[in-house]
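Numbering (the working numbering), first residue to last: 672 to 833.
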């Protein structure tokens with residue numbers, strides 16, 4: 672399916688939060704409300720050519736709970752359109768973005784005004800993927816607590832600056 676058609680089927684962050692379990696929705700909202708960007712980050716966000724971000728996510732997913740509020744806050748700063756689809760029911764649509772033959776969430780597809788892909792970000796930051804590949808799972812609690820949020824933000828900024 673075309674990205675624009677998929678994008679049009681998605682929902683906004685506020686509606687996504689309201690679709691989830693109360694506990695998951697609360698976590699997403701609390702994290703969103705707590706995010707503060709410094710002036711330099713805000714300037715980088717505002718200079719982006721990204722117009723649309725399509726997200727595949729689920730409210731129950733811890734990885735989504737970590738990064739989706741960051742994406743939503745970025746979108747609000749620069750009036751970037753964010754559209755969220757559940758993985759459930761869209762696994763086949765995610766096929767171009769599979770990792771190791773599987774649909775991973777969250778998957779973020781950064782696009783310009785014509786819905787041409789600028790970049791993607793899938794599941795977790797690079798350092799976490801490297802630790803996981805080595806069998807190291809010691810990062811999990813720190814990840815949920817937000818210790819890796821700056822790294823996630825920097826990876827998003829790299830895509831936004833393309």
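No residue lacks a Cβ here, since even glycine has one placed at the ideal position from N, Cα and C.
Member of the options whose CA lies at the smallest distance from the CA of residue i
| i | options | result |
| --- | --- | --- |
| residue 712 | 749, 783, 761 and 678 | 749 |
| residue 773 | 763, 751 and 780 | 763 |
| residue 788 | 822, 725, 683 and 716 | 725 |
| residue 777 | 822, 790 and 755 | 755 |
| residue 617 | 720, 823 and 822 | With the chain covering 672 to 833 only, the question about residue 617 has no answer from this structure. |
| residue 812 | 675, 799 and 751 | 799 |
| residue 702 | 740, 729 and 690 | 740 |
| residue 784 | 718, 746, 677 and 752 | 752 |
| residue 735 | 679, 757 and 765 | 757 |
DSSP beta-bridge partners of residue i
| i | result |
| --- | --- |
| residue 803 | For residue 803, which the question treats as bridged, DSSP gives no partner whatsoever. |
| residue 725 | 754 and 780 |
| residue 682 | 755 |
Status (buried if at least 16 other CB within 10 Å, exposed otherwise) for residue i
| i | result |
| --- | --- |
| residue 681 | buried |
| residue 770 | exposed |
| residue 731 | exposed |
| residue 760 | exposed |
| residue 707 | exposed |
As assigned by DSSP and simplified to three states, the class of residue i
| i | result |
| --- | --- |
| residue 694 | helix |
| residue 706 | coil |
| residue 811 | helix |
| residue 816 | helix |
| residue 821 | helix |
| residue 673 | coil |
| residue 720 | coil |
Every unbroken beta strand (DSSP E) inside the segment 730 to 808 [3 residues or more]: 752 to 757, 778 to 782 and 788 to 793
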